[in-house]
Ligand code: NAD
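In our numbering, the protein residues as written are 126 to 540.
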């Protein structure tokens, strides 16, 4: 059977939730596809003097609950299909944690690893110009994603200011602190994963002290989740990056593994560990599994071998619908991406709020408010899952879709 595309999966997840909601079919139809899809083709002069034409996308899935919100990725494999799926997931993610945002996503088909800094800056500025008609602090607020970072956001902000004459730091989130970025943003997604994992362990009656954790992907989300869970008393027994995995049943010193990766470029080869494959990290003996690398990492072929009782999706879309069914059937508690990794967009929301007020919070304030938002969202989703006897994924979709549907109904149709 041909593999489903990301957008096909996103629509399938939406359709699977509808039977629980009793929505007006017209309102469901509004949410079933993006509100706006923009495709742009634009030239950039490369360092060798040649002109290259790039393709980029900005998709706004919904603005019913507020300005659209979502990252911009630079990657050779970016497609409109993928951007549409990610935009839809952003709508649900914002709704599940009660942020006053809709969902969007952007991408440019390019390989920034083969481009100079100047070429990347020019590409960013021209792409921003091309989509400037639909973005804005009260319209659509981009953020970093794969291969984009705080510097990219500084360029987007500056380009927007050059066009509009408005010095608004609230046009993007994930900015450098010096330009209105928020304290705590770097750790936010990992911190949200940690908060979700703790709540899930509590629901399962497993103490965090001594709980064994495995993490696939040792980047921003994976590495930070790993050391924050270790700080809470968990034992991290396995981690991996794109080059492979390492395992030590007695536990790893996660911050030292980070230092080793910074020095050598990979976790592989870390002393006193056994080398395992990326796939093996998912099936080692552990209590908590955090897939924090790739889409589709947990599939029908490996879901049955997963030993963890609790799975917390750090990555977006790491579990296929078939694997979801297997894990549910095996009684595993899976905390879905739209809830588990919503810490990043929640602190993006805090950044936007601080920028609009030009009044900034301490890291302790940011972390305390993040804890409040994540715990409250977890509790609400967990209560729905118990009441409806459904998985946490379906419960999260029930909460998110009904919130957006309510916003659509209250606003009514124009004209
Ligand atoms: P990152 O680039 O910092 O880290 C990705 C990690 O995955 C790296 O360690 C990389 O080596 C590893 N990796 C790549 N291919 C792999 C493979 N085949 N097997 C195992 N590991 C592999 O990216 P990130 O920001 O940590 O994002 C990871 C995931 O989390 C993505 O799905 C992203 O969309 C999602 N996410 C990120 C954020 C955020 O705030 N950064 C928020 C929400 C969701």
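Just so you know, even glycine gets a beta-carbon here, dropped at the ideal spot from N, CA and C.
request  = Using a threshold of 8 Å, state whether the C-beta atoms of residue 408 and residue 430 are closer than that.
outcome  = Here residue 408 is taken as the residue at index 283 of the chain shown, counted from 1. Here residue 430 is taken as the residue at index 305 of the chain shown, counted from 1. Cβ atoms of residue 408 and residue 430: closer than 8 Å.
Sequence ranges, beta strand (DSSP E) only - wholly within the stretch 373–425, length at least 3 = 399–401 and 413–416
request  = Taking 6 Å as the limit, tell me which residues put their C-beta closer than that to any heavy atom of the ligand NAD, in chain order.
outcome  = 314, 341, 342, 343, 344, 345, 346, 347, 365, 366, 367, 403, 417, 418, 419, 439, 440, 441, 466 and 469
request  = Count the other CB atoms, across all protein chains shown, that sit within 10 Å of the CB of residue 272; report buried if there are 16 or more and exposed otherwise.
outcome  = Against the chain shown, residue 272 aligns to sequence position 147. Counting Cβ neighbours within 10 Å, residue 272 comes out buried, since at least 16 surround it.
task = Kindly confirm or deny that the stretch 168–179 and the stretch 205–224 touch, where touching means at least three C-beta pairs closer than 8 Å.
result = no
query = For residue 230, which beta-bridge partners are listed by DSSP?
reply = To locate residue 230, count along the chain shown from 1; it is residue 105. According to DSSP, residue 230 bridges with 184.
task = Please go through the same chain and pick out, in chain order, the residues whose beta-carbon is closer than 8 Å to the beta-carbon of residue 406, but skip the five residues on each side of it.
result = The count along the chain shown starts at 1 and reaches residue 406 at position 281. Result list for residue 406: 339, 340, 341, 363, 364, 365, 370 and 372, in chain order.
inquiry  = On a Cα-Cα basis, can you pick out the residue from 532, 199, 472 and 425 that is closest to residue 239?
reply    = One-based indexing of the chain shown puts residue 239 at position 114. Of the candidates 532, 199, 472 and 425, the one whose C-alpha sits nearest the C-alpha of residue 239 is 199.
key: Paired residues, beta bridge with residue 370 - DSSP   = Position 245 of the chain shown, counted from the first residue, corresponds to residue 370. DSSP output for residue 370 lists 365 and 401 as bridge partner(s).
inquiry  = Buried or exposed, going by whether 16 or more other CB atoms sit within 10 Å of the CB of residue 602?
reply    = Look at the range of the chain in this structure, 126 to 540, and you will see that residue 602 is not part of it.
message = On the CB-based measure, 16 or more other CB atoms within 10 Å of its CB, does residue 484 come out buried or exposed?
response = For this step, residue 484 is matched to residue 359 along the chain shown. Per the 10 Å Cβ criterion, exposed.
ask   = For residue 237, does the three-state DSSP call read helix, strand or coil?
value = Sequence index remark: in the chain shown, residue 237 carries index 112 (1-based). Three-state DSSP puts residue 237 in a helix.
ask   = Would residue 315 pass as a contact of residue 349 if the rule is Cβ separation under 8 Å?
value = Taking the first residue of the chain shown as position 1, residue 315 is located at position 190. Taking the first residue of the chain shown as position 1, residue 349 is located at position 224. Result yes, Cβ atoms of residue 315 and residue 349 sit closer than 8 Å.
request  = Indicate whether the contact test is met: 3 or more Cβ pairs, each with one atom in the stretch 274–287 and one in the stretch 295–309, closer than 8 Å.
outcome  = yes
task = Specify, as a first and last residue, the run of the beta strand (DSSP E) that residue 162 falls within.
result = By one-based count along the chain shown, residue 162 stands at place 37. That run of the beta strand (DSSP E) goes 161–170.
request  = Give the straight-line distance between the Cα atoms of residue 206 and residue 180, rounded to the nearest whole angstrom.
outcome  = The sequence position of residue 206 within the chain shown is 81, counting from 1. The sequence position of residue 180 within the chain shown is 55, counting from 1. Near 14 Å, if we compare the C-alpha coordinates of residue 180 and residue 206.
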